[in-house]
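One structure below.
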Amino acid sequence: MRDFQRRRVYAADDEISAGRWLSLDGTQAYVDKILRSQWWRKRCAIRKVDVSLNKGVWSWADRKSSYTGYIKFAPGVGYRERDILHELSHVYCTPSKDPDNSHGRHWAGAYYALTLRFRGQKAARGLVAG
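Per the numbering used here, numbering through the sequence shown is continuous, rising by one, with the last residue being 120.
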């Protein structure tokens, strides 16, 4: 991913409130709730996403298979609704539409759609403003 794209993504992240802090178990419950929603089920084949800690300094996410994915949070970095939706957007993106699953156009659309649906218009408008 180009540096200017990365800067734009994180600038947009900074424009919206992070939302509430969740425990690791709370994060898994939040992700499970999204995956059970009618909205998600209409749009994505992924039915299970495992949430865990990453020992490194970065948080990241991807698909394990056609129906499962994972999110690994760096200690002290994730667990806020904004961060969860950011990482879940990587799982949402299909490899055929976003082969490197980075912060490209397809990912940005997924992040916006998830934010709009699960955090509301104010948070989604903040992404666009950023």
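Quick reminder that beta carbons are idealized off the backbone N, C-alpha and C, glycines included.
Alpha-carbon to alpha-carbon, Gln28 and Ile36 | What you label residue 36 is simply residue 46 of the sequence shown in a count that begins at 1. What you label residue 28 is simply residue 38 of the sequence shown in a count that begins at 1. Cα to Cα, Ile36 sits roughly 13 Å from Gln28.
CB contact check: Pro65 to chain D, cutoff 9 Å = Among the protein chains of the structure shown there is no chain D, as only one such chain exists.
Cβ pair Ala100, Ser79 closer than 9 Å | By one-based count along the sequence shown, residue 100 stands at place 110. By one-based count along the sequence shown, residue 79 stands at place 89. A contact, by the Cβ cut-off of 9 Å.
Three-state class that DSSP yields for Leu43 in the structure shown | As a working note, residue 43 is residue 53 in the sequence shown. Reduced to three states, the DSSP call for Leu43 is strand.
May I ask you to report which of helix, strand or coil DSSP gives Ile74?
-> By one-based count along the sequence shown, residue 74 stands at place 84. It is helical.
Under 8 Å by Cβ, that's how I've got Ile74 and Tyr20 pegged, so tell me the actual separation to the nearest angstrom.
-> Within the sequence shown, numbered from 1, the residue matching residue 74 stands at position 84. Within the sequence shown, numbered from 1, the residue matching residue 20 stands at position 30. So it is a contact: roughly 6 Å between Cβ atoms.
So, using beta-carbon positions, are Val41 and Thr58 closer together than 9 Å?
-> As a working mapping, residue 41 is identified with position 51 in the sequence shown. As a working mapping, residue 58 is identified with position 68 in the sequence shown. Cβ atoms of Val41 and Thr58: not closer than 9 Å.
Rounded separation between Asp22 and Trp97 - CA only = Translated into the one-based positions of the sequence shown, residue 22 becomes position 32. Translated into the one-based positions of the sequence shown, residue 97 becomes position 107. Answer to the nearest angstrom: the Cα atoms are 20 Å apart.
Is Trp30 buried or exposed, if buried means 16 or more other CB atoms sit within 10 Å of its CB?
-> For the purposes of this step, residue 30 is taken as the residue at position 40 of the sequence shown. Trp30 comes out buried.
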